[in-house]
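Novice: Let me give you the structure first, and then I'll get to my questions.
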Amino acid sequence: MSGSFPIAGSATSLTGGGPITLREAVVWGQKVPLVSGRVLFAPGRFELADVRAEIGGGMVGGGGSIAIEEKTFEARFAGDAVPIQSITALSDFADRVSGKLSFQVAGSGKIDRPDLTATASLAGGTLFGHRLPDNREPRLDAKIVAGELTGSVVVKDRWNVTAQGNVFEPGSRVNVSLDARDLAALVLYTPLDLAPGRGGALAVKGVLTLPSKAGEFLSGLFTVTEARLDFPDRPGVLSTSGDVRIVLGKQQLVFDEFHAVGEGTNLKVQGSLDFGGSKALSMAVAGPIDASLVSVALPDTALSGRLSVDVRAAGTLQAPAFSGTVRIENAKYRLTGLSQILDDIDGVVSFHGSSAQIDGIRARVGGGDLLAAGSVNLAGLKPSNFRLTIQARHVALRYPEDMRLVVDADLVATGVPGGNVVRGEVTLLRGTYSRDFVVTLSDLLERSRPTGSIAAREPWKEQTALEVRIVSAAALEVRNNVARLTAEVDLVARGTVAQPIVLGQILLDEGGRITFRDVQYEIESGTVTFANTARIAPIIDLRARAEVKGYDLVVNLVGTWPRIQSSFTSDPPLSEDAVVGLLLTGSAPNQRAGAEVNQSLVSAAGGVVAGAVTGSLARRTQRLFRLDRFQIDPVFTGSQLTDIRSTVGKQITPELLVTYSQSLNSDKESIVQLEWRVTQTITLQALRDENGIYSINVRRRQRF
Numbered sequence: 005m006s007g008s009f010p011i012a013g014s015a016t017s018l019t020g021g022g023p024i025t026l027r028e029a030v031v032w033g034q035k036v037p038l039v040s041g042r043v044l045f046a047p048g049r050f051e052l053a054d055v056r057a058e059i060g061g062g063m064v065g066g067g068g069s070i071a072i073e074e075k076t077f078e079a080r081f082a083g084d085a086v087p088i089q090s091i092t093a094l095s096d097f098a099d100r101v102s103g104k105l106s107f108q109v110a111g112s113g114k115i116d117r118p119d120l121t122a123t124a125s126l127a128g129g130t131l132f133g134h135r136l137p138d139n140r141e142p143r144l145d146a147k148i149v150a151g152e153l154t155g156s157v158v159v160k161d162r163w164n165v166t167a168q169g170n171v172f173e174p175g176s177r178v179n180v181s182l183d184a185r186d187l188a189a190l191v192l193y194t195p196l197d198l199a200p201g202r203g204g205a206l207a208v209k210g211v212l213t214l215p216s217k218a219g220e221f222l223s224g225l226f227t228v229t230e231a232r233l234d235f236p237d238r239p240g241v242l243s244t245s246g247d248v249r250i251v252l253g254k255q256q257l258v259f260d261e262f263h264a265v266g267e268g269t270n271l272k273v274q275g276s277l278d279f280g281g282s283k284a285l286s287m288a289v290a291g292p293i294d295a296s297l298v299s300v301a302l303p304d305t306a307l308s309g310r311l312s313v314d315v316r317a318a319g320t321l322q323a324p325a326f327s328g329t330v331r332i333e334n335a336k337y338r339l340t341g342l343s344q345i346l347d348d349i350d351g352v353v354s355f356h357g358s359s360a361q362i363d364g365i366r367a368r369v370g371g372g373d374l375l376a377a378g379s380v381n382l383a384g385l386k387p388s389n390f391r392l393t394i395q396a397r398h399v400a401l402r403y404p405e406d407m408r409l410v411v412d413a414d415l416v417a418t419g420v421p422g423g424n425v426v427r428g429e430v431t432l433l434r435g436t437y438s439r440d441f442v443v444t445l446s447d448l449l450e451r452s453r454p455t456g457s458i459a460a461r462e463p464w465k466e467q468t469a470l471e472v473r474i475v476s477a478a479a480l481e482v483r484n485n486v487a488r489l490t491a492e493v494d495l496v497a498r499g500t501v502a503q504p505i506v507l508g509q510i511l512l513d514e515g516g517r518i519t520f521r522d523v524q525y526e527i528e529s530g531t532v533t534f535a536n537t538a539r540i541a542p543i544i545d546l547r548a549r550a551e552v553k554g555y556d557l558v559v560n561l562v563g564t565w566p567r568i569q570s571s572f573t574s575d576p577p578l579s580e581d582a583v584v585g586l587l588l589t590g591s592a593p594n595q596r597a598g599a600e601v602n603q604s605l606v607s608a609a610g611g612v613v614a615g616a617v618t619g620s621l622a623r624r625t626q627r628l629f630r631l632d633r634f635q636i637d638p639v640f641t642g643s644q645l646t647d648i649r650s651t652v653g654k655q656i657t658p659e660l661l662v663t664y665s666q667s668l669n670s671d672k673e674s675i676v677q678l679e680w681r682v683t684q685t686i687t688l689q690a691l692r693d694e695n696g697i698y699s700i701n702v703r704r705r706q707r708f
């Protein structure tokens with residue numbers, strides 16, 4: 005402390021004063037780095053003037069005086085942008101409440117029964133992890149005259165709390181009320197959470213009785229006149245039926261029995277909570293409830309249907325002990341990650357102290373059956389660890405997009421606070437990939453790895469590890485405009501649900517077919533190997549054979565996608581350049597010489613360009629009429645366009661393909677071809693060509 009002020013007189017009649025400065029001061033328990041002001045003494049009177057203090061970067065200033073004999077005072081103080089974390093009296097709430105407080109306080113009268121007015125507001129606040137919007141900042145207005153309090157805390161057009169009564173007289177009564185027309189705005193000031201788009205209303209009125217002597221506690225009687233919960237598309241999904249009576253007394257809050265009702269819901273609720281040393285809890289809830297209300301407590305749970313609840317809670321609020329059952333009846337649950345719906349969910353969850361037992365839940369999903377059983381340990385009201393056994397039989401899935409799978413699965417999911425693990429085996433009973441796509445020259449020349457879109461982060465996916473084997477009991481089939489092939493699968497999924505890693509091998513069955521630029525290749529051997537433990541990077545090793553203009557061509561593709569190396573051989577032998585020319589121009593090397601070669605290449609280039617122009621129309625028509633093949637091909641003679649031919653194809657059965665091709669030149673016959681795969685090695689072709697000549701070919705593939 006430093007300062008200089010002369011004073012004179014006796015102890016009861018001092019006069020004088022001057023400036024004073026306090027450093028590292030503690031004023032009524034509040035730590036203040038620096039306080040400055042003026043101290044003035046007059047007979048029977050003490051005054052502080054021009055007081056200024058800095059607290060946590062905010063400023064507090066004002067002044068006041070005390071009449072010692074009369075025991076009266078007069079004071080006025082104001083604060084601007086004082087951080088709540090810096091206020092010692094609120095230190096117990098510093099981890100839950102933040103923001104900058106501005107206030108004004110003025111008072112006068114008797115020290116033991118003052119007349120006071122106060123206003124306060126909070127800016128940039130965060131309460132219990134909820135950031136307060138700028139238009140929802142609370143404002144306090146309070147006034148005490150002769151001991152009578154009139155006060156309110158208001159968030160404009162959202163909610164308000166009022167209090168009125170004598171706060172100095174022992175045993176006096178204070179009328180209180182809460183009117184929240186916007187429940188979501190009120191919840192921001194509590195530890196509770198409400199999902200976006202949800203709201204409602206809450207109205208409570210009552211009387212608080214102050215303790216009449218030392219050692220007693222507050223008591224009161226309250227009435228909830230309205231409690232309503234709204235979902236975005238379902239206003240009043242849950243509300244109280246009539247008034248709810250709540251009694252506060254002997255450090256205990258008691259709820260009289262009441263009903264919470266809504267469409268499909270009629271719950272009977274009663275209970276009590278002890279605020280004394282025992283913190284005892286007693287609660288009972290019974291009746292039917294709409295299953296969608298589970299999302300109030302578990303926001304990511306997309307459950308619908310009906311629940312029958314008969315649950316009791318004892319113990320304490322921090323460590324409740326549950327008993328009773330929850331029966332699930334005819335419910336539905338949406339698996340958002342797989343776009344699947346679990347239908348006809350039935351089962352029972354029973355509670356035993358701090359654990360819940362899942363006593364066999366059955367459901368239908370994708371036309372198959374699913375059975376789940378297990379247990380969950382509870383820490384308060386939240387799951388702490390769990391073990392769940394899942395069995396699926398003949399379940400149809402669409403994952404990834406355009407892949408249709410029918411699987412059996414035997415999985416075990418376990419979880420602890422640090423993360424979850426899914427282990428087990430998935431058996432592929434049937435699988436078909438049918439998405440059509442167009443392969444262009446730019447696709448074949450592209451050497452950069454495709455970039456994928458960034459998916460929204462979901463913490464549970466990042467915290468769930470995988471150790472799942474995927475095997476095939478039947479072949480995985482690819483059937484689209486490019487390929488007709490089957491494969492055997494033996495894979496292991498590791499990593500996390502958010503970033504899975506696949507290890508193992510897909511073995512292509514012999515006899516599959518791939519079509520590119522009207523040339524059909526038969527698979528002789530092929531494997532897709534996954535060996536990269538950092539990312540999904542398939543290694544392709546494929547050997548295919550095609551017959552073009554009497555040449556038996558063999559194509560080998562080897563490499564890691566998308567960097568694939570290709571090589572070509574033929575019988576009779578041709579150079580790789582000659583093989584590529586044969587595939588592009590459709591004519592044999594000994595039929596092309598000199599300028600004809602250049603003209604053929606010009607024709608091929610023209611066909612590529614014209615095909616790109618007509619490709620969009622062809623794809624739309626193919627989807628509209630559900631064709632397996634539809635294309636419009638220009639025909640060049642040298643560099644001149646001489647004809648246009650349209651081709652349609654339909655896979656009647658997995659073994660029978662019909663193709664029809666028509667020229668715009670009316671002098672030419674339409675081409676009709678039927679191809680019937682008799683066995684994996686024998687194919688029968690019937691053809692009528694553009695000259696009206698019929699032919700039948702039988703092809704047999706034999707490996708030596």
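At position 202 of the sequence shown the residue is numbered 206 (the working numbering), and the sequence of numbers has no breaks.
Ideal Cβ positions, reconstructed from N, Cα and C, are used throughout, including at glycine.
Predicted model, so just to flag it, every value in this text is computed and none were measured.
Can you tell me which of Arg703, Thr92, Arg42, Met407 puts its alpha carbon nearest to the alpha carbon of Val31?
Specialist: To locate residue 31, count along the sequence shown from 1; it is residue 27. Nearest of Arg703, Thr92, Arg42, Met407 to Val31, Cα basis: Thr92.
Novice: Could you check what DSSP says for Ser579 in three-state terms: helix, strand or coil?
Specialist: Translated into the one-based positions of the sequence shown, residue 579 becomes position 575. Note: Ser579 maps to coil in three-state DSSP.
Novice: Quick one: measure Cβ to Cβ for Glu141 and Leu126, integer angstroms, because I've assumed they're closer than 8 Å.
Specialist: In the sequence shown, counting from the first residue as 1, residue 141 sits at position 137. In the sequence shown, counting from the first residue as 1, residue 126 sits at position 122. Contact holds; Cβ gap of about 6 Å.
Novice: Once you ignore the five residues that flank Ala306 on each side, which residues in its own chain have a CB closer than 6 Å to its CB?
Specialist: Numbered from its first residue, the sequence shown carries residue 306 at position 302. Hits under 6 Å: Arg338.
Novice: With burial defined as no fewer than 16 other Cβ atoms inside 10 Å of the residue's Cβ, what is the status of Ile349: buried or exposed?
Specialist: Translated into the one-based positions of the sequence shown, residue 349 becomes position 345. Buried, by the Cβ-count rule.
Novice: I'd like the span of the alpha helix (DSSP H) that includes Val682, first residue to last.
Specialist: The residue given as residue 682 occupies position 678 in the sequence shown. No alpha helix (DSSP H) contains Val682, which DSSP labels as neither H nor E.
Novice: Compute the Euclidean distance between the alpha carbons of Arg331 and Glu679, then round it to the nearest angstrom.
Specialist: For the purposes of this step, residue 331 is identified with residue 327 of the sequence shown, where counting begins at 1. For the purposes of this step, residue 679 is identified with residue 675 of the sequence shown, where counting begins at 1. Answer to the nearest angstrom: the Cα atoms are 57 Å apart.
Novice: Buried or exposed: Gly516, going by 16 or more other Cβ atoms within 10 Å of its Cβ?
Specialist: Reading the sequence shown from its first residue, position 512 is the one you call residue 516. Buried, since its Cβ has 16 or more Cβ neighbours within 10 Å.
Novice: Please confirm whether Arg313 and Ile293 have their CB atoms less than 8 Å apart.
Specialist: By one-based count along the sequence shown, residue 313 stands at place 309. By one-based count along the sequence shown, residue 293 stands at place 289. The residue you asked about is not Arg; residue 313 is Val in the sequence shown. Yes, these two residues count as a Cβ contact at 8 Å.
Novice: Looking at Pro87: is its Cβ nearer than 8 Å to the Cβ of Gly66?
Specialist: Against the sequence shown, residue 87 aligns to sequence position 83. Against the sequence shown, residue 66 aligns to sequence position 62. Against a cut-off of 8 Å, the Cβ pair of Gly66 and Pro87 comes out as no contact.
Novice: Looking at the ligand GDP, does it come within less than 7 Å of Pro142, judged from the CB to the closest heavy atom?
Specialist: The model depicted lacks the ligand GDP and carries no ligand whatsoever.
Novice: Whole angstroms is fine: what's the gap from Asp161's alpha carbon to Leu401's?
Specialist: Sequence index remark: in the sequence shown, residue 161 carries index 157 (1-based). Sequence index remark: in the sequence shown, residue 401 carries index 397 (1-based). The straight-line gap from Cα to Cα measures roughly 49 Å.
Novice: Which residue wins for smallest C-alpha separation from Asp347, given the options Lys336, Phe355, His356, Ser354?
Specialist: Walking along the sequence shown from the start, residue 347 turns up at place 343. Checked all of Lys336, Phe355, His356, Ser354; the closest Cα to Asp347 is Lys336.
Novice: Quick check on DSSP: helix, strand or coil for Asn602?
Specialist: The count along the sequence shown starts at 1 and reaches residue 602 at position 598. Annotation note: pLDDT 48 at Asn602 (below 50); position unreliable, coordinate value reported separately. If DSSP states are grouped into helix, strand and coil, Asn602 belongs with the helices.
Novice: Spatial neighbours of Pro174 within its chain, please: CB distance less than 6 Å, with the 5 preceding and 5 following residues excluded, ordered by chain position.
Specialist: Taking the first residue of the sequence shown as position 1, residue 174 is located at position 170. Ser216, listed in sequence order.
Novice: Applying the criterion that 16 or more other CB atoms from any shown protein chain within 10 Å of the CB defines a buried residue, is Glu220 buried or exposed?
Specialist: What you label residue 220 is simply residue 216 of the sequence shown in a count that begins at 1. Its Cβ having fewer than 16 others within 10 Å, Glu220 is exposed.
Novice: Which partner residues of His134 appear in the DSSP bridge assignment?
Specialist: Numbered from its first residue, the sequence shown carries residue 134 at position 130. His134 pairs with Leu131.
Novice: Quick one, are the C-beta atoms of Gly384 and Pro463 less than 8 Å apart?
Specialist: Locating residue 384 in the sequence shown gives position 380, counting from the first residue. Locating residue 463 in the sequence shown gives position 459, counting from the first residue. Not a contact, by the Cβ cut-off of 8 Å.
Novice: State the start and end residues of the unbroken alpha helix (DSSP H) segment that holds Ala189.
Specialist: To locate residue 189, count along the sequence shown from 1; it is residue 185. 187-191 is the span of the alpha helix (DSSP H), which, as asked, contains Ala189.
Novice: For Leu285 and Leu321, which I take to be in contact (beta-carbon distance under 8 Å), what is that distance rounded to the nearest angstrom?
Specialist: Residue mapping note: residue 285 aligns to position 281 of the sequence shown, counting from 1. Residue mapping note: residue 321 aligns to position 317 of the sequence shown, counting from 1. With a Cβ gap of about 5 Å, Leu285 and Leu321 count as contacting.
Novice: Under the assumption that Ala71 contacts Gly48 (Cβ atoms under 8 Å), give the Cβ distance between them as a whole number of angstroms.
Specialist: As a working mapping, residue 71 is identified with position 67 in the sequence shown. As a working mapping, residue 48 is identified with position 44 in the sequence shown. Their Cβ separation, rounded to whole angstroms, is 6 Å, which keeps Ala71 and Gly48 in contact under 8 Å.
Novice: Please report the straight-line C-alpha distance between His398 and Ala478, rounded to a whole angstrom.
Specialist: As a working note, residue 398 is residue 394 in the sequence shown. As a working note, residue 478 is residue 474 in the sequence shown. When rounded, the distance between both Cα atoms is 13 Å.
Novice: Three-state secondary structure (DSSP) at Arg100?
Specialist: In the sequence shown, counting from the first residue as 1, residue 100 sits at position 96. It is coil, neither helix nor strand.
Novice: Would you kindly report the start and end of the unbroken alpha helix (DSSP H) that includes Lys272?
Specialist: Position 268 of the sequence shown, counted from the start, is the residue given in the question as residue 272. Unbroken run through Lys272 is the beta strand (DSSP E), 269-278; no alpha helix (DSSP H).
Novice: For Gly696, is the classification buried or exposed, using 16 other Cβ atoms within 10 angstroms of its Cβ as the cut-off for buried?
Specialist: Here residue 696 refers to the residue found at position 692 of the sequence shown. With fewer than 16 Cβ atoms within 10 Å of its Cβ, Gly696 is classed as exposed.
Novice: In terms of residues, what are the limits of the beta strand (DSSP E) holding Glu514?
Specialist: Stepping through the sequence shown from its first residue, residue 514 is reached at position 510. Run containing Glu514: none; DSSP gives neither H nor E here.
Novice: In the DSSP assignment, find the unbroken alpha helix (DSSP H) run with Lys465 in it and report its ends.
Specialist: Here residue 465 refers to the residue found at position 461 of the sequence shown. 463-466 is the extent of the alpha helix (DSSP H) around Lys465.
Novice: For the beta strand (DSSP E) containing Lys217, name the first residue and the last one.
Specialist: As a working note, residue 217 is residue 213 in the sequence shown. Unbroken run through Lys217: none, as it is neither H nor E.
Novice: With distances taken between CB atoms, is the gap from Leu144 to Ala124 smaller than 8 Å?
Specialist: Residue numbering aside, residue 144 sits at position 140 when the sequence shown is read from its first letter. Residue numbering aside, residue 124 sits at position 120 when the sequence shown is read from its first letter. Cβ distance < 8 Å, so Leu144 and Ala124 count as in contact.
Novice: In terms of residues, what are the limits of the beta strand (DSSP E) holding Ser17?
Specialist: Locating residue 17 in the sequence shown gives position 13, counting from the first residue. Ser17 -> no beta strand (DSSP E), and no H or E assigned at all.
Novice: How many angstroms separate the CA atom of Gln395 from the CA atom of Leu433?
Specialist: Indexing the sequence shown from 1 puts residue 395 at position 391. Indexing the sequence shown from 1 puts residue 433 at position 429. Distance between the alpha carbons of Gln395 and Leu433: 15 Å.
Novice: Tell me whether Arg140 sits in a helix, a strand or coil according to DSSP, three-state version.
Specialist: Along the sequence shown, read from residue 1 onward, the residue named residue 140 stands at position 136. Here Arg140 sits in helix by DSSP.
Novice: Between the Cα of Gly201 and those of Val208, Lys209, Ala189, Thr194, spot the shortest distance and give me the residue it belongs to.
Specialist: Reading the sequence shown from its first residue, position 197 is the one you call residue 201. Gly201 has its Cα closest to that of Ala189, out of Val208, Lys209, Ala189, Thr194.
Novice: Could you name the residues that DSSP lists as bridge partners for Ile148?
Specialist: Along the sequence shown, one-based indexing puts residue 148 at 144. Leu120, Leu153, per the DSSP bridge assignment.
Novice: So His263 and Lys254 are in contact, right, with Cβ under 8 Å, and what is the actual spacing, rounded?
Specialist: Position 259 of the sequence shown, counting from 1, holds the residue named residue 263. Position 250 of the sequence shown, counting from 1, holds the residue named residue 254. Their Cβ separation, rounded to whole angstroms, is 26 Å, which puts His263 and Lys254 out of contact at 8 Å.
Novice: Do Gly155 and Asn170 have their CB atoms nearer than 8 Å?
Specialist: Against the sequence shown, residue 155 aligns to sequence position 151. Against the sequence shown, residue 170 aligns to sequence position 166. It is not a contact, given that the beta carbons lie outside the stated cut-off.
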